[in-house]
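Residue numbers (our numbering): 62 to 290.
Glycine residues also receive a C-beta, built at the ideal position from the N, C-alpha and C atoms.
These figures come from a predicted structure and were not determined experimentally.
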Amino acid sequence: HRRVHTGEKPYRCPVCAKAFALSSGLVLHKRTHTGERPHACLLCGKAFISSSHLALHLRSHTGERKYQCPVCGKLFLQSSHLVRHKAIHTGERPFKCEDCGKLFRRASHLSTHRRVHTGERPFKCLQCEKAFTQKAGLVLHIRLHTGERPYKCNKCGKNFRSSAHLMSHQLLESGERNFKCSTCGKAFKQASSLKQHLKTHEAREPHRCSVCSRAFSRSSYLHLHMRTH
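What follows is the structure in structure tokens.
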């Protein structure tokens, strides 16, 4: 208990050098590097690094959401989630990057962003030494080694490494085209396809409106268009 007052942190991570006051804190932290998740949900199979994280997850099955936003009425599993949500209504972004001035709602988002400037990649794979700026990147990467694919399509049964990969697959299966080009109106099933398509406009239409982003092949066309704004 005295370490709370003294600030002493004798337990240090051998991978990223982060220090902890308790050995149990170091044990939990190491799992962010190894990808170990020993606490599994008996209802859906999702696994967690600690029993407390599992307990919070179980609320998603029971529907228990005790924390309500007084502005919009949205309910949350955790009080910390409600605190973060409230910043959406206030627009508050109190955490500022000293390098580029960008503002963030959460200290953790600023901490992650600063790695863009420092080049720091604290999350390292113990199997191949590849390093990542975010824990989520390491977790996804580890699944390449383990073969784990925890996200399953309820229509065809195919499994995926991430929820984003599953979502892309489901959009392809449904035929929906949710990604629309603001220049020509053409729609695509995947964001990556839209990104590729936008390059064709950049090549053919290099003169872009700073107000609405519409692009033109000639500067004279852009000047005419600007009068509409």
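Cβ-Cβ distance between residue i and residue j below 7 Å
{"i": "His262", "j": "Ala276", "result": "yes"}
{"i": "Leu199", "j": "Phe193", "result": "yes"}
{"i": "Ser229", "j": "Leu201", "result": "no"}
{"i": "Ala252", "j": "Lys241", "result": "no"}
{"i": "Tyr72", "j": "Leu87", "result": "yes"}
{"i": "Arg175", "j": "Arg166", "result": "no"}
{"i": "Arg120", "j": "Phe137", "result": "no"}
{"i": "Leu232", "j": "Lys250", "result": "yes"}
{"i": "His178", "j": "Asp160", "result": "yes"}
{"i": "Tyr128", "j": "Ser113", "result": "no"}
Rounded distance between the beta-carbons of residue j and residue i, thought under 8 Å
{"i": "Leu115", "j": "His100", "result": "4 Å"}
{"i": "Ser280", "j": "His268", "result": "5 Å"}
{"i": "Glu237", "j": "Cys217", "result": "No, Glu237 and Cys217 are not in contact; Cβ-Cβ is about 16 Å, not under 8 Å."}
{"i": "Cys270", "j": "His286", "result": "6 Å"}
Local conformation of residue i per DSSP, three classes
{"i": "Ala78", "result": "coil"}
{"i": "Gln129", "result": "strand"}
{"i": "His290", "result": "coil"}
{"i": "Arg167", "result": "coil"}
{"i": "Lys185", "result": "strand"}
{"i": "Arg269", "result": "strand"}
{"i": "Arg73", "result": "strand"}
{"i": "Lys250", "result": "coil"}
{"i": "Lys219", "result": "coil"}
{"i": "Leu104", "result": "coil"}
{"i": "Leu205", "result": "helix"}
{"i": "Leu119", "result": "helix"}
{"i": "Lys91", "result": "helix"}
Buried/exposed call for residue i, threshold 16 Cβ in 10 Å
{"i": "Leu227", "result": "buried"}
{"i": "Ile203", "result": "buried"}
{"i": "Ile110", "result": "buried"}
{"i": "Gly96", "result": "buried"}
{"i": "Thr123", "result": "exposed"}
{"i": "Thr207", "result": "exposed"}
{"i": "Thr244", "result": "buried"}
Cβ pair count under 8 Å reaching 3, the segment 66 to 84 against the segment 169 to 176: no
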